[in-house]
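Residue numbers (the working numbering): 122 to 663. Below you'll find the structure, written out as structure tokens, and then a few comments.
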């Protein structure tokens with residue numbers, strides 16, 4: 122079934138102290154800001170990380186023709202900004218002036234405070250008598266508010282050379298979303314032709330070589346933000362974003378990356394610093410004083426969203442039984458302590474976790490590894506099964522065991538991991554060796570890539586081929602906690618959170634290499650409060 126607009130679902134908030142209903146959200150303005158090939162604000166506008174009383178706003182100014190991204194050229198200038206309760210800016214509620222220049226690549230980030238909770242606002246930036254496109258954003262409800270419904274677009278893995286960002290266009294066309302959660306690989310570092318659409322470059326990247334320097338990363342970020350569908354979705358709703366590896370380099374870990382060779386590409390720390398600087402310049406995301414990006418946002422009594430950073434603190438990837446080593450970590454000890462305490466102590470109904478790489482086990486053998494008994498060590502099989510992809514939580518068994526055991530020991534329920542990275546669609550029940558027979562500790566919904574290659578692309582086969590279907594069937598038969606998977610589609614997820622359920626619907630685009638691709642609903646799975654058991658849905662959300 123094709124995706125249709127839902128004009129009936131809006132965020133309704135009942136203030137606990139007053140008992141009155143407050144409508145938050147409004148129908149998206151009929152005209153989405155169009156992509157501008159030139160002009161002062163050619164990279165669009167964006168907002169992110171909504172609080173009950175504030176929001177982060179972003180844009181990039183091109184004050185002169187020479188002030189191109191990554192050039193380091195152009196003047197220091199003043200940029201004005203406005204926030205209003207109407208799209209025509211008759212009722213401006215906040216405004217100010219900020220400065221930018223080549224030292225920050227002429228990007229602009231404004232922390233707006235003093236706003237009303239659970240409210241829709243419009244915003245714009247001004248320079249030299251011209252205004253930017255208008256963006257729409259929303260603040261979060263009060264922490265103690267009774268929220269009836271929250272709907273999120275969920276995306277990951279957008280490879281410029283592999284196709285068009287139609288997934289973003291379809292999400293921007295919906296008027297029922299309150300937020301977009303991006304789980305990483307917002308962009309890719311590869312040079313042109315190094316990672317494309319199964320061997321075909323749909324549209325070449327800039328710079329044409331692999332990104333290594335600050336100028337390189339700035340140019341690549343700027344390229345992505347010329348995409349009209351990406352601009353439209355940024356302008357439609359606030360985003361909550363974390364990074365994965367390709368924002369720096371493939372299979373990144375705390376001290377390096379698989380796709381970084383110090384002998385030919387220089388010092389890794391220098392490259393990392395350049396990538397991080399460009400990221401914070403170009404993305405509508407808050408960071409801690411030490412540059413930490415893991416953070417937590419609250420949406421009334423209904424949901425709390427913990428966004429993880431699984432790259433900055435992790436041990437280097439390994440294989441074999443070394444994945445069981447308790448000294449190795451994917452989160453780092455401080456982030457793990459923060460995550461465990463936050464989940465166990467949360468008073469929200471649903472504890473959502475923005476999780477860049479897959480949490481659920483992926484066993485390769487016909488039997489789970491723990492059923493092999495004493496043969497496990499003799500055969501060199503890790504305790505949670507042979508790790509197909511040690512870059513996922515499978516490569517860090519001790520951390521996964523620690524987190525899952527903590528959820529069970531503390532009686533923490535209603536935890537749902539929202540995951541990207543692996544490019545396929547999955548609905549998983551999260552188990553470990555100690556929980557497989559007693560039931561899952563959490564649920565996991567994994568969204569497909571926006572454009573990045575998956576199984577059929579690597580095999581050079583059409584989507585929905587028999588080999589991919591067989592592969593999905595074999596995965597499910599040897600991994601009973603994987604309730605559903607689809608290995609070929611590209612697209613996005615729509616998550617609905619209510620007091621009665623947490624539900625993900627998967628939508629796949631019909632052709633990633635077409636800028637006018639359609640979109641179709643392919644599956645829905647949900648979980649009810651008090652249980653991590655997944656149940657299948659047989660039609661799209663209304």
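Note that the Cβ used here is the ideal one computed from N, Cα and C, for glycine as well. Since the model is a prediction, treat every value here as computed from it, not as a measurement.
Would you kindly work out how many angstroms separate the C-alpha atoms of residue 447 and residue 482, rounded to a whole number?
17 Å
Check whether residue 262 and residue 223 have beta carbons under 7 Å apart:
no
Is it buried or exposed for residue 427, if we count other Cβ within 10 angstroms and need 16 for buried?
buried
Three-state secondary structure assigned by DSSP to residue 505
coil
Rounded straight-line distance, which links the Cα of residue 580 to that of residue 232:
46 Å
Using 7 Å as the threshold, is the C-beta distance between residue 561 and residue 653 below it?
yes
Since I believe residue 347 is in contact with residue 338 (beta carbons under 8 Å), could you give me their beta-carbon distance rounded to a whole number of angstroms?
Their Cβ separation, rounded to whole angstroms, is 15 Å, which puts residue 338 and residue 347 out of contact at 8 Å.
So is residue 476 buried or exposed if we call it buried at 16+ other beta carbons inside 10 Å?
buried
Going by other Cβ atoms of all chains shown within 10 Å of its Cβ, with 16 needed for buried, is residue 611 buried or exposed?
buried
Pull up the DSSP beta-bridge partners for residue 623, would you.
618 and 648
In this structure, does DSSP put residue 479 in helix, strand or coil?
coil
Looking only at its own chain, which residues have a Cβ that is under 6 Å from the Cβ of residue 643, when we skip the five neighbours before and after it?
627 and 629
Measure the alpha-carbon distance for residue 195 versus residue 210 and round it to whole angstroms.
30 Å
So what does residue 658 bridge to, in DSSP terms?
645
Residue 170 versus residue 406: straight-line alpha-carbon distance, rounded
6 Å
Does DSSP classify residue 164 as helix, strand or coil?
coil
The region 368–385 / the region 544–552 touching (three or more Cβ pairs under 8 Å)
no
Relative to the C-alpha of residue 478, which candidate in 276, 265 and 345 has its C-alpha closest?
276
C-alpha gap between residue 236 and residue 283, whole angstroms:
40 Å
Rounded to the nearest angstrom, what separates residue 177 and residue 168 at their Cα positions?
5 Å
Does the beta-carbon of residue 603 have 16 or more other beta-carbons within 10 angstroms, so that it is buried, or is it exposed?
buried
Proximal residues to residue 431 (C-beta, below 6 Å), its chain only, five neighbours per side dropped:
451, 477 and 478
To the nearest angstrom, report how far apart residue 241 and residue 247 are at their CA atoms.
20 Å
If you draw a straight line from the C-alpha of residue 400 to the C-alpha of residue 342, how long is it?
8 Å
Residue 442 versus residue 596: straight-line alpha-carbon distance, rounded
22 Å
Residue range of the beta strand (DSSP E) that includes residue 461
It is not in any beta strand (DSSP E) - residue 461 instead sits in the alpha helix (DSSP H) that spans 454–466.
For a test of the three-state rule: what should DSSP assign to residue 539, helix, strand or coil?
strand
Cβ atoms of residue 300 and residue 327: under 7 Å apart, would you say?
no
Which residue marks the beginning of the alpha helix (DSSP H) containing residue 597, and which one marks its end?
587–599
Along the alpha helix (DSSP H) that carries residue 577, what are the first and last residues, could you check?
576–580
What is the rounded straight-line gap between the Cα of residue 655 and the Cα of residue 538?
13 Å
Going straight from the alpha carbon of residue 225 to that of residue 461, what length do you get?
36 Å
Note down the Cα distance separating residue 504 from residue 518, rounded to an integer number of angstroms.
8 Å
Report the residue from 198, 214, 199 and 320 whose alpha carbon sits nearest the alpha carbon of residue 205.
214
Rounded to the nearest angstrom, what separates residue 445 and residue 506 at their Cα positions?
10 Å
By the DSSP assignment, the alpha helix (DSSP H) with residue 355 in it spans what residues?
349–357
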